[in-house]
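Chains as they are written, first to last, in UniProt numbering: chain A, 1 to 295; chain B, 1 to 295.
Right, one structure below, let's go through it.
There are 2 protein chains.
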Amino acid sequence: MLSLEQINMLVLSAELGSFSACARKLGKVQSAVSHGISNLEIDLGVELFDRTSRSPKLTPEGERLLRSAKALLAQSHEFEKIAESITRHEEGALTIAVDDALLTPYLSTILALFAQAFPHVEIDLISLASPDIIATVADGNVDIGVMFSEVEANKQVDFCYVGSVDFVAVCHADFPLAALRRLSESDLMPYRQIAVRGQQKRESQVLISMTPNAWWCSSNYSVLALVKQQIGWAYLPLSLVQPFVHTGLLQKIDVTFDHKPWSVPVDLVCKKGALRGPAHQWLFDALKNAFSAER
Amino acid sequence: MLSLEQINMLVLSAELGSFSACARKLGKVQSAVSHGISNLEIDLGVELFDRTSRSPKLTPEGERLLRSAKALLAQSHEFEKIAESITRHEEGALTIAVDDALLTPYLSTILALFAQAFPHVEIDLISLASPDIIATVADGNVDIGVMFSEVEANKQVDFCYVGSVDFVAVCHADFPLAALRRLSESDLMPYRQIAVRGQQKRESQVLISMTPNAWWCSSNYSVLALVKQQIGWAYLPLSLVQPFVHTGLLQKIDVTFDHKPWSVPVDLVCKKGALRGPAHQWLFDALKNAFSAER
DNA sequence: CTAGACTATCAATAATTATGATATTTAAAA
DNA sequence: TTTTAAATATCATAATTATTGATAGTCTAG
Numbered sequence: 001m002l003s004l005e006q007i008n009m010l011v012l013s014a015e016l017g018s019f020s021a022c023a024r025k026l027g028k029v030q031s032a033v034s035h036g037i038s039n040l041e042i043d044l045g046v047e048l049f050d051r052t053s054r055s056p057k058l059t060p061e062g063e064r065l066l067r068s069a070k071a072l073l074a075q076s077h078e079f080e081k082i083a084e085s086i087t088r089h090e091e092g093a094l095t096i097a098v099d100d101a102l103l104t105p106y107l108s109t110i111l112a113l114f115a116q117a118f119p120h121v122e123i124d125l126i127s128l129a130s131p132d133i134i135a136t137v138a139d140g141n142v143d144i145g146v147m148f149s150e151v152e153a154n155k156q157v158d159f160c161y162v163g164s165v166d167f168v169a170v171c172h173a174d175f176p177l178a179a180l181r182r183l184s185e186s187d188l189m190p191y192r193q194i195a196v197r198g199q200q201k202r203e204s205q206v207l208i209s210m211t212p213n214a215w216w217c218s219s220n221y222s223v224l225a226l227v228k229q230q231i232g233w234a235y236l237p238l239s240l241v242q243p244f245v246h247t248g249l250l251q252k253i254d255v256t257f258d259h260k261p262w263s264v265p266v267d268l269v270c271k272k273g274a275l276r277g278p279a280h281q282w283l284f285d286a287l288k289n290a291f292s293a294e295r
Numbered sequence: 001m002l003s004l005e006q007i008n009m010l011v012l013s014a015e016l017g018s019f020s021a022c023a024r025k026l027g028k029v030q031s032a033v034s035h036g037i038s039n040l041e042i043d044l045g046v047e048l049f050d051r052t053s054r055s056p057k058l059t060p061e062g063e064r065l066l067r068s069a070k071a072l073l074a075q076s077h078e079f080e081k082i083a084e085s086i087t088r089h090e091e092g093a094l095t096i097a098v099d100d101a102l103l104t105p106y107l108s109t110i111l112a113l114f115a116q117a118f119p120h121v122e123i124d125l126i127s128l129a130s131p132d133i134i135a136t137v138a139d140g141n142v143d144i145g146v147m148f149s150e151v152e153a154n155k156q157v158d159f160c161y162v163g164s165v166d167f168v169a170v171c172h173a174d175f176p177l178a179a180l181r182r183l184s185e186s187d188l189m190p191y192r193q194i195a196v197r198g199q200q201k202r203e204s205q206v207l208i209s210m211t212p213n214a215w216w217c218s219s220n221y222s223v224l225a226l227v228k229q230q231i232g233w234a235y236l237p238l239s240l241v242q243p244f245v246h247t248g249l250l251q252k253i254d255v256t257f258d259h260k261p262w263s264v265p266v267d268l269v270c271k272k273g274a275l276r277g278p279a280h281q282w283l284f285d286a287l288k289n290a291f292s293a294e295r
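Written out as structure tokens, the structure reads:
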């Protein structure tokens, strides 16, 4: 079975163009490298270096094997890095659940930084409606949740308020509500509201539906799609609808009880008492700071 | 530096669920594996197996490292396979040039078989107009060429006739020639012919352009595109134009001097005196048989 | 409860690898 | 041309590492 030490000698000697230089870099004597390469050549049955000149030059065959040798070394370093990651008690993988309306470019940036800080921790990113997130965190299926606040405080889960997102009532520009002004809550009642609730049919305590004939979606993007089809009106994050309000496709509804955008608090949640590894802590703190800074 | 022998022990022991079984499979004694795993655990600083039960079970950390270990082993086998390929004197790469009109599904099938027979020989497949192929083969830039016959025999190149491809004269259905019947060669003269010639502006000796106001392309597909635009008429492989003749977009030109399709011979070429490795020979023979069988 | 099979450990041994000295070659400098 | 510094190959020896065989303890199925 071939030795990685010899493979390393092959790669280093090829790069440096010298067995002696390779030996110096490896902290060994020259004859060790000379022997190592020789034995590798014997084992493989391939002449790797042309020694006719003073400095050994890779043969075409050696060149062909060099690429594979480098890949092999890279793989072995990867293996060792994972072992180091484990000795630092880093988690193998983190599962985070994010309300789809909160999956902003800002959050993606945090994940990019995370990938640099913890290259050997996998991320499992799932999109859920906020009402579903608490349950999955409480079950231990998700390590960190990013969601809109729930009034009902779950005892098994830690909450951390990190900021808020502006919601507005919107409808299609041709929807009957669009033409009306200074509406009260009861004025909205006759029209169908599109609202978010989780798969367990549990609706948010904060983003309550007020109309009797509502339709439900498990994602804000689905809500948006239905609003665009004039199926109803909805409360949606300002950032999500802004582009379409701009083009005139959608229109904000002029409701008197919220003359300024309704700010919905955002919470970071994780399971109470769960042991948090370094990756978990890093990501939690980064998300906390990110949302605070974003406002 | 970690040893592949120990990595192998890790993978085998994990698969078999037993150090003893692993030792038997490796032809060693049990204590060797026990020691090997122990040392690996010490080197990595990670407990790989849980030994509380009779049969060792991977710890979650061991599980995490197992994936990477398998990849590492696979890479090392790949490395050894390449060395074996070299000792069999297989070429590192073969460059083959094919006239674009001859790059049929049949030829792709041959390449698929080649990939199975010679998994460590790279293929460089380049499309050229036939007149260019001889030159690149003669220069040694291309190992095997598949092209339409050239009358001018190049002394540096070996030819091997393998079959023939039917050519027909075609034009767009709305092109003036389409309406005419029983045309002679001179009747074609007034109309622009689209013909193939190489980048060196050397036109084929077999597929000669007969009209004074010709346009030139370096690929049959370009010719086809121009014909579709009613820029002129052309001789093209029947297989290439058949689908469009069928839909009525293009039409065969009724020329009296070839009442049956004009069959253009196809040659396999390679450099005279070039030393042919096993992959070269295999591919040459396979291509020869394929074209013979195709007719 | 016992038989069979498993693992850890240890000391002895075998095998591998590293070392240091030396001869030889090479490329550039004097 | 000669010289010099640095490179490689080879070899016997030293050091390290891996392997072995024996032993003791442990687990599981019957």
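Beta carbons: idealized from backbone N, C-alpha and C, even for Gly.
All values derive from a computational prediction rather than experimental measurement.
Proximity of Gln75/B to chain A, defined by a Cβ-Cβ separation below 8 Å, is satisfied. The beta carbon of Val121/B sits no closer than 8 Å to any beta carbon of chain A. For Val46/B, a Cβ of chain A is located within less than 8 Å of the residue's own Cβ. When C-alpha distances from Val137/A are compared across Ala274/A, Met9/A and Glu41/A, the shortest belongs to Ala274/A. DSSP assignment within the segment 115-202 of chain A yields the following whole beta strand (DSSP E) runs of 3 residues or more, N-terminal first: 122-128, 144-148, 157-172 and 193-196. For Arg54/A, no chain B residue has a C-beta closer than 8 Å to its own C-beta; the minimum C-beta separation is roughly 26 Å. In terms of Cβ geometry, Phe291/B and Val255/B do not form a close pair [threshold 8 Å]. Residues of chain A with a Cβ closer than 8 Å to the Cβ of Asn8/B are, in chain order, Met1. Taking all protein chains shown into account, Leu107/B has 16 or more neighbouring C-beta atoms within 10 Å of its C-beta and is therefore buried. For Met189/B, the number of other beta carbons within 10 angstroms of its own is below 16, and it is reported as exposed. Taking 7 Å as the upper bound on Cβ-Cβ separation, chain B lies near residues Ile82, Ala83, Ile86, Thr87 and Gly92 of the segment 82-106 of chain A. Against chain A, the CB of Phe79/B has a partner CB under 8 Å away; the residue lies at that interface.
The beta carbon of Leu72/B sits closer than 8 Å to some beta carbon of chain A.
Between Arg197/B and Ile231/B, the beta carbon gap of about 16 Å keeps them out of contact (Cβ cut-off 8 Å). Closest by C-alpha distance to Leu48/B, out of Arg67/B, Leu26/B, Leu10/B and Ser76/B, is Leu10/B.
When secondary structure is reduced to three states using DSSP, Pro56/B falls in the coil class, being assigned neither helix nor strand. In the DSSP secondary-structure assignment, Trp233/A is bridged to Gln193/A.
Within 7 Å of the CB of Ser68/A, the CB atoms of chain B belong to Glu78, Phe79 and Ile82, in sequence order along the chain. When C-alpha distances from Cys171/B are compared across Val151/B, Ala195/B and Ser130/B, the shortest belongs to Ala195/B. Ala74/A sits exposed, since fewer than 16 C-beta atoms from the chains shown fall within 10 Å of its C-beta. Think of a sphere of 8 Å around the beta carbon of Pro60/A: the chain B residues whose beta carbon falls inside it are Gly92, in chain order. In this structure, the alpha-carbon of Cys22/B lies about 7 Å from that of Leu16/B. At least one CB atom of chain A sits nearer than 8 Å to the CB of Arg64/B. The C-beta of Glu5/A comes closer than 8 Å to at least one C-beta of chain B.
For Val241/B, the enclosing alpha helix (DSSP H) has its first and last residue at Leu238 to Thr247. In this chain, the alpha helix (DSSP H) harbouring Val223/A covers Asn220 to Lys228. Shown here, Val11/A sits in a helix according to DSSP, grouped into three states. Taken through DSSP and simplified to helix, strand or coil, Ile96/A comes out as strand. Looking from the CA of Pro119/A, the closest CA among Leu102/A, Phe175/A and Lys81/A belongs to Lys81/A. Between the segment 147-164 of chain B and the segment 116-134 of chain B, the count of C-beta pairs closer than 8 Å reaches three or more; the two stretches touch.
Taking Gln200/A as reference, the option from Glu185/A, Cys217/A, Pro212/A and Asn213/A with the minimal CA-CA separation is Cys217/A. A distance below 6 Å between beta-carbons, with the five flanking residues on each side excluded, links Val46/A to the following residues of its chain, in chain order: Glu61. Taking each of Gln156/B, Leu26/B, Tyr235/B and Cys270/B in turn and checking the Cα distance to Val165/B, the smallest one comes out for Tyr235/B. Shortest Cα-Cα distance from Glu5/B to any of Thr59/B, Ser55/B and Leu72/B involves Leu72/B. Contact annotation: Leu94/A and Ile133/A have beta-carbon atoms that are not nearer than 8 Å.
The beta carbon of Ser20/A lies closer than 7 Å to those of Gln30 in the same chain, with the five residues before and after it left out.
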